[in-house]
Each structure stands twice: as C-alpha cells, then as structure tokens.
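Colleague: Here it is, the structure, as structure tokens.
Quick look at the structure:
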C-alpha cells in the first residue's frame, strides 16, 4: 500500500501544479467525500464488540473495497492508455491493480473457507445484507466513474461504466457462492488485457515485457 501511495503521488505531482488542492479533495469534493464516508461508515458500524457475524461482514466489506471501489478509476486510466495518453501512468495502474486482485482473492478465499467451516453464519439475512452492500457499492462506484470522466473519454460513457461495475459485482458475488444480481455482459473486455501479468505478452503501450519481477519497475520511468 505504501508503494501504491507513492505511485499515486508520482502521478499527481507530474500532472498538477497545485498538489495541495488535489490532496485536500477528500475534504472539499462532495462526491469523493460521499464515497469515502460510506466506505468508512461500513467499518465504523462493524467496530465495537466483535462478533462472528461482524467478522464475516468485514470480509465482504473488504471484498468490495478490493474488488469494486477502485475499478472505475482503473478502467478510466486504461481507456486513456488505449487512446495513447498517460501511458506511464496507465502502466503504473496495472501494477497497482495486480496487487488489489491479490487482496481480492485472499478475502474471497477467506469467505469461502469460513462458509465451509461455519455454514450457520451464512443465513438468508446475511445474503440480503451483503447484496444491499453490493448495490450501494455499485451505485457509488458507477456514479464516481461518471463524475471523474464527465463524458470526456472516447468510448467510455456513463452507461458503459455502470455496466462494467455491475458486471464486476456479479463476478464477485459468484466467486463467493451467490447468484448474480445484474446479469450483464462485460462491456469493455479489452480492459482485462491491461490487467494480465501471467504471460510474456508485450504491453499495449510501449512494447515492454510486463510479467512481474521484483525490482523491475523504477519510478524514474514515469
């Protein structure tokens, strides 16, 4: 996460001549504050006395954090990269997403393992609570994606953003044994190629090999 923060700082300081304004947006931007307040509120509600039910809900909250809340921004950067813009930043986002997917898989495995060990915790009431969390997450992330792009990225409309987030939500639900809620097709399957690190294909931006090896990426490249 420290490397992620450093990566985002590199992007901000490369683009903006008023970095303080950018770093203060969590306080001044109403849309960003709405999203952050909801995410923080979920964890606040789960604090206090620890129960088995709260632990399970915390796993789902982390699944949403790692598997939904970053992805409108990730896809927006890939859309820019696809059009030949902000190539270094798009490449940096690929490495960040690789880490977030690792975190996502960990929480999904925790949920599935807990379901096998403690099936009595996975009630119909829990499922409804989880799906309500997913609905709110989808609405927030789709709205956020529309807000940050403002229709200014060719081929990346508000409708496409929402369908993409809905598609991801269905994927996350199915990964933990729940039925999908939206039943939509992947509207931008090309983004999956940007996130692939498991083979020797060259990247879309610069023709460099992008399968991960420790220490191979230097911040001076950006």
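Numbering (the numbering used here), first residue to last: 56 to 277.
No residue lacks a Cβ here, since even glycine has one placed at the ideal position from N, Cα and C.
(1) Relative to the C-alpha of residue 202, which candidate in 89, 63, 178 and 59 has its C-alpha closest?
(2) Should residue 124 and residue 166 be called a contact, given that it needs their Cβ atoms to be closer than 8 Å?
(3) Pull up the CB-CB distance for residue 145 and residue 209, whole angstroms please, since I reckon it's below 8 Å.
(4) So, with DSSP's three-state summary, where would you put residue 80?
(5) Residue 248 and residue 220: beta carbons closer than 8 Å?
(6) If you drop the 5 nearest sequence neighbours on each side, which residues of the same chain put their C-beta closer than 8 Å to that of residue 78?
(7) Which residues in the same chain have their Cβ closer than 8 Å to the Cβ of residue 225, if we skip the five residues on either side of it in sequence?
(8) From 186, 83 and 134, pick the residue whose C-alpha is nearest to that of residue 231; which is it?
(9) Might you give, ordered along the chain, the residues of its own chain that have their beta carbon closer than 6 Å to the beta carbon of residue 141, omitting 5 neighbours on each side?
(10) Among 193, 106, 114 and 101, whose alpha-carbon lies nearest the alpha-carbon of residue 168?
(11) Please tell me whether residue 116 and residue 188 are closer than 8 Å, where the distance is taken between their beta carbons.
(12) Taking residue 94 as part of the alpha helix (DSSP H), name the residues at either end of that continuous run.
(13) Return helix, strand or coil for residue 179, following the three-state DSSP convention.
(14) If you scan the region 94–177 from start to end, which runs of the alpha helix (DSSP H) of 4 or more residues do you find wholly inside it?
(15) Would you kindly work out how many angstroms separate the C-alpha atoms of residue 180 and residue 71, rounded to a whole number?
(16) Could you check if residue 96 is buried or exposed, using at least 16 other CB atoms within 10 Å of its CB as the buried criterion?
Modeller: The structure says:
(1) Restricting attention to 89, 63, 178 and 59, the CA atom closest to the CA of residue 202 is found in 89.
(2) Their beta carbons are not under 8 Å apart, which means residue 124 does not touch residue 166 by this criterion.
(3) That belief does not hold up - the Cβ atoms of residue 145 and residue 209 are roughly 15 Å apart, past 8 Å.
(4) Residue 80 sits in a helix when the DSSP states are folded into three classes.
(5) No. Outside cutoff.
(6) Within the same chain, residue 78 has close Cβ partners 67.
(7) So the list reads 235, 236, 237, 238 and 239, once near-sequence residues are dropped.
(8) Closest by C-alpha distance to residue 231, out of 186, 83 and 134, is 186.
(9) These residues qualify, in order along the chain: 135.
(10) Cα-wise, what sits closest to residue 168 is 114.
(11) It is a contact, given that the beta carbons lie within the stated cut-off.
(12) Annotation: the continuous alpha helix (DSSP H) that includes residue 94 extends over 85–100.
(13) The answer is helix: DSSP assigns residue 179 an H, G or I state.
(14) Restricted to the region 94–177, the alpha helix (DSSP H) segments that are unbroken, complete and at least 4 residues in length are 107–122, 126–137 and 142–172, listed in chain order.
(15) Approximately 47 Å between the Cα atoms of the pair.
(16) Exposed, since its Cβ has fewer than 16 Cβ neighbours within 10 Å.
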